[in-house]
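These notes are about the structure you will find just below.
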Amino acid sequence: MSNLSSPVDGPKLPYRSNTLRTVSTGTERRASMSEDEAIPGSDSNETTNLLIERLRAWKHMCGYLEDYVAVTAKVQKGMSKDFEKVLKTVNEPLKEGHHFSQSAGGVYSFFENIRANTQGMINLYADGERNLKTSVLPTLEKLHKELKAKSKELQTGASKGAKAVEKARNLTQKHIELLGQKTSALDSAAGNRLETAHDPYLVRRGIIHRLNKQVIEENNNRQEIIAVQNNFQQFEAHVLQVVQAAMDQLVVFMGGQSDRQKAMYTDILGTLQRIPPEFEWVNFITRNDSTLVDPDAPPRTLANITFANQDHRTTQPLIQGTLQRKSRVLVKGFTSFFYVVTHARYLHEFKDNDDFHKDPAPELSLYLPDCHVVSIDEVKNTFTIKGKDVSSNVVGNAFHTNTEFVFKAGSAADAKEWLKVIKEAAHTPIATTTAAAAASNLTSPITSPVSPAPSATGAAQPPAYPEKETAAQSPVSPAAVSRTNTTTTTGGVAEKVPSPVSEKTEQTAVAEKS
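In case it helps, the UniProt record's numbering puts the sequence shown at residues 1 to 514.
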């Protein structure tokens, strides 16, 4: 009697293990997920469910053999009618039979062979019931339990990764839908104010952050599934070897019967033993190459993923870069931050331009139509904006009153560019006029929100915001910034009036000299 290997000591299915090398099939399999979609249309559990179904097919196969041996043991006492019961146990097609190759030389043809030989054994008898029940049947029962355990192990191991992927995809999908809503809302807002958190620029950056987490979860789950697939071949070879060993014992027990009976059982065994260990698995992956994950396919990358409204104009900054902002604490001086002016007319401040390591929430947000430029210093490349921080940042809540924020650019050209974009975003002129420019435009006076021209009585007037006026006006391009007094026209006569920007600059220069 040959020695049998214990099914318990056989190979185990992997649980979140490293990827193993697969057997080459001569065919290339495509990835089951679309590489350019943020939310793939495929179910993250599709491959796992297929493999679980395959384990169930093997379990039913083992159950068929258990029934076969059990009934054979009963009818070995000898009556032809009892042997008909043996045939009935394998007379129906295999459940999940499509998992097995329909060509000759596989599990399917093996069961066809059993049916043919059992029909010839109807008139045969035997009294080997005891041997069959004590040796062959327990081996198959242990294998059946092992298959059940492996199925449960696969379900438990795959559920965690699949749930994490599903959760990450749902979160990304919600933010993509939110981006679509907010971009549409901003397009139809006709210049009205939009909440800070609803800025499409911020929503888009939030999508990138969550999409990065989703890709990590998908790739981790993918590696786990690949490891499971690679181990299926080894495990199925073990199952076939156990079945072959059990059938070998059956032939030994039945060897004392007539030559015909022995020949039939030998034919059954020969058919099973001719199945190569990798035969069913190779045919299985060939038939299901579009569903199984291709371990040779590259993992998903963020650079190849697109989503709705990704390049919408409102998600693109009007200007962005690094500026320095003067701290409210005098000893700290200027600190560098990353700033962005968006189509929603916000000036956002961030610690950096990193979307991956944390959710990009602004440290400071100024709604530009509600702000105005207090002063411009072309020498120091600084400009001061007075406004209210409307961000949800905890630190920024301390500045929810009108506050002067001093910004410093790297050069005079950078400062002018930022001021130009801020003016256009706020739809309000913010530059002062030089004396020379004012003298050449006596008939067309310009009122600047930075340096408002005095009225005829000399009283300063608040800055004018065109979008709040009842009558439509044509936008006036601001003149260049100067450090001299501004000139305004009252009643057709040009007079020199002091500029708030110039006065503040001159006072600063005197203070520095002193």
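We put the beta carbon where it would ideally sit given N, CA and C, even for glycine.
None of the values given here were measured: they were computed from a predicted structure.
Which residues DSSP lists as bridging residue i, in chain order
i      : result
Thr47  : DSSP lists no partner for Thr47.
Asp377 : Thr382
Glu129 : None; Glu129 has no bridge partner.
Ser336 : Gln324
Val341 : Ile319, Leu347
Thr266 : Paired residue(s): none; Thr266 is not in a bridge.
Buried versus exposed call for residue i [16 or more other C-beta atoms within 10 Å across all chains shown]
i           : result
residue 540 : Summary: the structure shown does not reach residue 540, with the chain confined to residues 1 through 514, and so no result is reported for it.
Thr172      : buried
Arg130      : exposed
His357      : exposed
Gly206      : buried
Met79       : exposed
His144      : buried
Gly26       : Reliability of the predicted coordinates at Gly26 is poor, the pLDDT of 36 falling under 50, and no value is obtained from them.
Thr382      : buried
Arg30       : Bear in mind that the predicted position of Arg30 carries a pLDDT of just 42, short of 50, making it unreliable; the figure below should be weighed with that in mind. Arg30 should be labelled exposed.
Glu236      : buried
Gly410      : exposed
Ser258      : exposed
Arg260      : exposed
Ala73       : buried
Lys81       : exposed
Lys77       : exposed
Ser375      : buried
Simplified DSSP state of residue i, which is helix, strand or coil
i      : result
Val243 : helix
Phe110 : helix
Ile385 : strand
Asp407 : It should be noted that the sequence gives Phe, not Asp, for residue 407. Correct three-state label for Phe407: strand.
Arg325 : strand
Gln102 : coil
Glu278 : coil
Ile319 : strand
Val90  : coil
Leu292 : coil
Thr271 : helix
Leu366 : strand
His238 : helix
His372 : strand
Thr72  : helix
Thr139 : helix
Thr401 : coil
Thr306 : strand
Rounded separation between residue i and residue j - CA only
i      : j      : result
Thr47  : His60  : 20 Å
Arg300 : Ala164 : 16 Å
Arg193 : Ile216 : 36 Å
Phe111 : Thr139 : 19 Å
Lys326 : Lys380 : 13 Å
Lys142 : Glu166 : 36 Å
Ala104 : Gln241 : 19 Å
Asp355 : Glu404 : 29 Å
Asn221 : Glu280 : 25 Å
Phe284 : Leu250 : 29 Å
Asn288 : Asn309 : 35 Å
Leu323 : Ala425 : 18 Å
Lys182 : Pro298 : 34 Å
Tyr290 : His98  : Here the sequence assigns Ser to residue 290, which means Tyr is not the residue at that position. About 16 Å.
Asn117 : Phe83  : 12 Å
Leu124 : Lys262 : 11 Å
Pro369 : His427 : 7 Å
Phe232 : Gln320 : 53 Å
Met247 : Asn230 : 27 Å
Lys351 : Thr335 : 10 Å
Met264 : Thr134 : 22 Å
Ser392 : Ile225 : 42 Å
Option nearest residue i by Cα separation, candidates the options
i      : options                        : result
Asn219 : Gly161, Gln257, Ala246, Asn192 : Gly161
Val239 : Gly333, Ala227, Gly63, Lys77   : Gly63
Asn212 : Asn304, Val406, Leu194         : Asn304
Glu388 : Glu141, Pro200, Leu366, Phe284 : Sequence check: residue 388 is Lys here, not Glu. Of the listed residues, the one whose Cα sits closest to Lys388 is Leu366.
Gly157 : Ala116, Arg328, Leu302, Asn45  : Asn45
Pro276 : Val90, Ser101, Gly78, Glu53    : Ser101
Asp311 : Val379, Pro200, Thr89, Phe338  : Pro200
Pro360 : Ala197, Met121, Gln181         : Ala197
Arg115 : Val86, Leu124, Thr134          : Val86
Asn353 : His209, His99, Trp58           : His209
Glu96  : Ala70, Glu53, Lys74            : Glu53
Thr306 : Pro93, Gln155, Lys88, Ile176   : Ile176
Asp296 : Gly255, Ala227, Lys332         : Ala227
Asn113 : Ser392, Gly270, Leu51          : Gly270
C-beta neighbour in chain B for residue i, strict 8 Å
i      : result
Asn220 : In the structure shown, chain B cannot be found, because there is only a single protein chain.
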